[in-house]
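Just add 31 to wherever you are in the sequence shown, counting from 1, and you've got our numbering.
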Amino acid sequence: MDPVSRLGIVRYRRPVRWVVAVGLGLMGGSAWADRLIDIPTARKLPFETFRLELADSFSGRTQLGYLDLGVTDSIDASIRSEKYLDHSTVGTFDLSYNVLSAVPGLLPGIAAGVQDALNTTTDGRREYACLTWREPIDTGNGEVPIDITFGMYYRSHPFGFGGVSFPLSKEVRMIGEYNGSRPAGGFEYKPTPAFGLRLLFRGPDTLADLSWTSRF
Numbered sequence: 032m033d034p035v036s037r038l039g040i041v042r043y044r045r046p047v048r049w050v051v052a053v054g055l056g057l058m059g060g061s062a063w064a065d066r067l068i069d070i071p072t073a074r075k076l077p078f079e080t081f082r083l084e085l086a087d088s089f090s091g092r093t094q095l096g097y098l099d100l101g102v103t104d105s106i107d108a109s110i111r112s113e114k115y116l117d118h119s120t121v122g123t124f125d126l127s128y129n130v131l132s133a134v135p136g137l138l139p140g141i142a143a144g145v146q147d148a149l150n151t152t153t154d155g156r157r158e159y160a161c162l163t164w165r166e167p168i169d170t171g172n173g174e175v176p177i178d179i180t181f182g183m184y185y186r187s188h189p190f191g192f193g194g195v196s197f198p199l200s201k202e203v204r205m206i207g208e209y210n211g212s213r214p215a216g217g218f219e220y221k222p223t224p225a226f227g228l229r230l231l232f233r234g235p236d237t238l239a240d241l242s243w244t245s246r247f
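Quick look at the structure:
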């Protein structure tokens, strides 16, 4: 094949690669939910999937509960509760729209939505938009992506947030975030896709977190 023809093939393949990548992203439906610890991410639960999550601080200061729902291929909803100090338990809900799911190593995911739509929790109502990049790395027992999220909240004024989920193996991750006012981090262990255990350091609290994921 002559060099001119070969160059033409290279130029043809490159846009095709990006068209395929964008198409895969628009299909949505990556695994896991749309939160890291508190901040949103541009990942979503698959359609007709739910996740129950309970978190309790060792001091008894904070108790959190979540029911995350993959409502459609693009929309997630979360019904959640919060009890803080001696205050009564409050309930609220979050909504997330997945514009584009991340294509690992190529394109970031894009999502927008609102957290605490009823404005009842200590963090309050926050509209947001965010990007999540997924970069695969070799962990020794398999290739798993690092998830890196950056975004903007709006609550009377705009402010930034960010977080990272770093795999140590297929089952274990280190996670960390800053939501604009509070740092949080910890470790996550998922022995199966259905069950997850996390030890979280969230501001002054240390929490044990248990989650279970299944389909409707």
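Even glycine gets a Cβ: it sits at the ideal position worked out from N, Cα and C.
Beta-carbon separation (whole angstroms), residue i vs residue j, contact threshold 8 Å
{"i": "W164", "j": "A215", "result": "Incorrect: roughly 20 Å between the Cβ atoms, too far for contact."}
{"i": "P98", "j": "I110", "result": "The amino acid occupying residue 98 in the given sequence is Leu; Pro does not appear at that position. With a Cβ gap of about 5 Å, L98 and I110 count as contacting."}
{"i": "D154", "j": "D69", "result": "7 Å"}
{"i": "T151", "j": "G182", "result": "Actually they are not in contact, since the Cβ atoms of T151 and G182 sit about 22 Å apart, beyond 8 Å."}
{"i": "T180", "j": "A108", "result": "Rounded, the Cβ-Cβ distance is 19 Å, inconsistent with contact."}
Which listed residue (the options) has its alpha carbon closest to that of residue i
{"i": "L137", "options": "P176, S212 and R66", "result": "P176"}
{"i": "L199", "options": "F192, A73, G217 and G144", "result": "G217"}
{"i": "A86", "options": "L230, G234 and F181", "result": "L230"}
{"i": "Y209", "options": "S196, V121 and E202", "result": "S196"}
{"i": "D147", "options": "E174, E113, T244 and S212", "result": "E113"}
{"i": "H119", "options": "G140, A108 and T93", "result": "What sits at residue 119 in the sequence shown is Ser, not His. For S119, the nearest C-alpha among the options comes from T93."}
{"i": "K75", "options": "M205, G173, L131 and S212", "result": "L131"}
{"i": "I206", "options": "R233, F190 and Y185", "result": "R233"}
{"i": "G144", "options": "E174, R66 and R213", "result": "R66"}
{"i": "R156", "options": "V121, G194 and R186", "result": "R186"}
{"i": "E158", "options": "F190, P135, T244 and Y115", "result": "F190"}
{"i": "L162", "options": "G140, W243 and E219", "result": "G140"}
{"i": "E219", "options": "R213, S212, R204 and G211", "result": "R204"}
{"i": "F192", "options": "S90, G211, T72 and P167", "result": "G211"}
{"i": "N172", "options": "Y128, E166, M183 and E202", "result": "E202"}
{"i": "F89", "options": "W243, S245 and P235", "result": "P235"}
{"i": "L241", "options": "T72, L83 and P71", "result": "L83"}
{"i": "Y128", "options": "D117, P71 and P135", "result": "P71"}
{"i": "S222", "options": "T244, R213 and L238", "result": "For the sequence presented, residue 222 should be read as Pro rather than Ser. Looking at the Cα atoms, T244 is the closest of the given residues."}
{"i": "P135", "options": "E174, A142 and D117", "result": "E174"}
{"i": "L100", "options": "L116, F124, P167 and G91", "result": "F124"}
{"i": "G91", "options": "A160, A142, L116 and I106", "result": "L116"}
{"i": "A160", "options": "T237, D104, L126 and F247", "result": "L126"}
Boundaries (first-last residue) of the beta strand (DSSP E) holding residue i
{"i": "T237", "result": "D236 to R246"}
{"i": "S187", "result": "Taken as a continuous stretch (DSSP letters only), S187 belongs to no beta strand (DSSP E), as it is neither H nor E."}
{"i": "T163", "result": "R157 to D169"}
{"i": "P270", "result": "Look at the range of the chain in this structure, 32 to 247, and you will see that residue 270 is not part of it."}
{"i": "G227", "result": "F226 to R233"}
{"i": "K207", "result": "One detail in the question is off: residue 207 reads as Gly in this sequence, not Lys. V203 to Y209 is the extent of the beta strand (DSSP E) around G207."}
If you pair each beta-carbon of the stretch 220-240 with each one of the stretch 70-81, do three or more pairs fall below 8 Å? no
Would you mind listing the beta strand (DSSP E) stretches within the stretch 61-145 that are 3+ residues and don't spill past its ends, in chain order? 80-88, 93-101, 106-115 and 121-131
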